[in-house]
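A.B. asks:
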Amino acid sequence: MARHLPQADLEVGASFDEVCTVTRTGPNDTSDLQCNITLSLSEGQITVQGVFSITGSGPGDITLAITGGTGCYQTAQGFIHAVNTSATETQLTVHLIR
Numbered sequence: 000m001a002r003h004l005p006q007a008d009l010e011v012g013a014s015f016d017e018v019c020t021v022t023r024t025g026p027n028d029t030s031d032l033q034c035n036i037t038l039s040l041s042e043g044q045i046t047v048q049g050v051f052s053i054t055g056s057g058p059g060d061i062t063l064a065i066t067g068g069t070g071c072y073q074t075a076q077g078f079i080h081a082v083n084t085s086a087t088e089t090q091l092t093v094h095l096i097r
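At the far end of the sequence shown sits residue 97, using numbering that gives the first Met the number 0, and the numbering has no gaps.
If you want it as structure tokens, here you go:
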């Protein structure tokens, strides 16, 4: 799934691509997902990976590790924190050390 990332209602010239695999299903609509994500920015890419749980009320807050990157992000470290702000919108905060 590819999406453009807005910054304060402005496009920042980035895309967000993700592939997630369900690794566990449980009772009461619970499951775990393993996700690999690529943020494509004008100066390179940032790669992200991690596992999170989803319950019947949704995934809640998600924190995933930055695992590397390309271009000026080739030594990237840190994490991404995601919060669902509505049924169709998610706010991403990138905590980047490069």
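Glycine included, C-beta positions come from ideal geometry on N, C-alpha and C. Because the structure is a prediction, the values reported are computed rather than measured.
Got a sec, what are the start and stop residues for the beta strand (DSSP E) Ser41 sits in?
C.D. replies: Segment: none, Ser41 is in no beta strand (DSSP E) and carries neither H nor E.
A.B. asks: Just tell me which of Thr66, Thr74, Gly59, Cys71 has its CA closest to the CA of Val82.
C.D. replies: Of the candidates Thr66, Thr74, Gly59, Cys71, the one whose C-alpha sits nearest the C-alpha of Val82 is Gly59.
A.B. asks: Compute the distance between the beta-carbons of Thr52 and Ser14, then report whether it is under 9 Å.
C.D. replies: Correcting the residue type first, residue 52 is Ser in the shown sequence and not Thr. Contact flag unset, no.
A.B. asks: Compute the Euclidean distance between the alpha carbons of Ile79 and Ala86, then round it to the nearest angstrom.
C.D. replies: Approximately 20 Å, taken between the alpha carbons.
A.B. asks: Which partner residues does Gly55 have in the DSSP bridge list?
C.D. replies: Gly55 pairs with nothing; no bridge assigned.
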